[in-house]
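Read in order, the letters of the sequence shown are residues 942 to 1158 in my numbering.
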Amino acid sequence: NLDAKPVSTLRASVRGISLQSMKRAATSSSGSSIPLTGTVEGNATAFWSGSISNLQAKSDMEIHAATVKSNSAGNSIPVNGDVHVAYDGARNIITVRQTTVRTPATSIVADGQVSNRSELKIQANTTDLHEISMLAAMFQESTQSGGTKPAEPISLSGIASLNASIHGSVQNPSIAAQLNAQNLDVEGSEWKKLSLSLQASPSKVSVQNGALAGARQ
């Protein structure tokens, strides 16, 4: 077929790429650093016909990392992940397949599509909210400028789960989430159980069906 456009193909295999080098690049471009050390490995393929706007790409990567030790947040925390992402340039769709981030106490799984009609689901579970507090403090500290007082983790413990779904376009997303937590201890205030539903959009946020059980005996 004389009218057929040539197809360009690119394949890459990544083995043991240091997160330290990626962190230095992020620091130089954004002024903040990613508080992780470790490696990335996996495979990526891409092809397009004619314009690069027709790009079709797929990436399957594994992350083996740990947080950089922080004076404020305690010991290093292992962080591992499996990233499975595909991109359809012609339709402007990003597909996320069972992309997972894991720490000793926490797992986050994302699955679905991001587009003008997004359908993305996120499930998060943790058996130790104190670990989440430490991670938040580490990432907050990494974004602070030199000389700023180190971030301190919130005194927080308990078990929690979050189920969220994102719909609509990137510019106007709609988020629905259900949060459940048990055996909470927040800055010394103890609660048996917390549950609530959340609806959010760029214009409003609403909380529904909230329930907070009394203090533990």
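In this text, a Cβ means the ideal position worked out from N, Cα and C, and glycines have one as well. Here the structure is a predicted model, which means the values were calculated and not measured.
Ile1035 sits in a strand when the DSSP states are folded into three classes.
A straight line joining the alpha-carbon of Gln1119 with that of His1025 spans about 25 Å.
Contact between Ala1078 and Pro1094 is confirmed by a C-beta separation of about 4 Å, below the 8 Å threshold. Rounded to whole angstroms, the gap between the alpha carbons of Phe988 and Ile1034 is 15 Å.
Using a Cβ distance threshold of 9 Å, Ala1006 and Ala985 do not count as a contacting pair.
Taking C-beta atoms as the reference points, Gly1151 and Lys1133 fail to come closer than 9 Å. By the Cβ neighbour-count rule, Gly991 is exposed, with fewer than 16 other Cβ atoms within 10 Å of its own. Exclusion of the five residues before and after Ala1122 leaves Gly1099, Ala1101 and Leu1135 as the residues of its chain whose Cβ lies within less than 6 Å of its Cβ. Within the same chain, and ignoring the five residues on either side of Val955 in sequence, the residues whose Cβ sits closer than 8 Å to its Cβ are Val981, Glu982, Gly983, Asn984, Ala985 and Met1002. Secondary structure note for Val1024: its beta strand (DSSP E) is the uninterrupted segment Pro1019 to Asp1029. For Pro1114, the enclosing beta strand (DSSP E) stretches over residues Pro1114 to Val1127. Here the alpha carbon of Val1055 sits roughly 9 Å from the alpha carbon of Gly1109. In chain order, Ser994, Asn995 and Leu996 place their CB closer than 6 Å to the CB of Gly1030, counting only its own chain and leaving out the 5 sequence neighbours on each side. Here Glu1072 is buried, its C-beta having at least 16 other C-beta atoms within 10 Å.
Exposure of Leu1153 is indicated by the presence of fewer than 16 other C-beta atoms within 10 angstroms of its C-beta. Distance from the CA of Ser1147 to the CA of Leu1103, rounded to the nearest whole angstrom, comes to 16 Å. Annotation for Ala1051: Val1037, Thr1040 and Ile1063 place their beta carbon closer than 6 Å to its own, counting only its chain and skipping 5 residues before and after.
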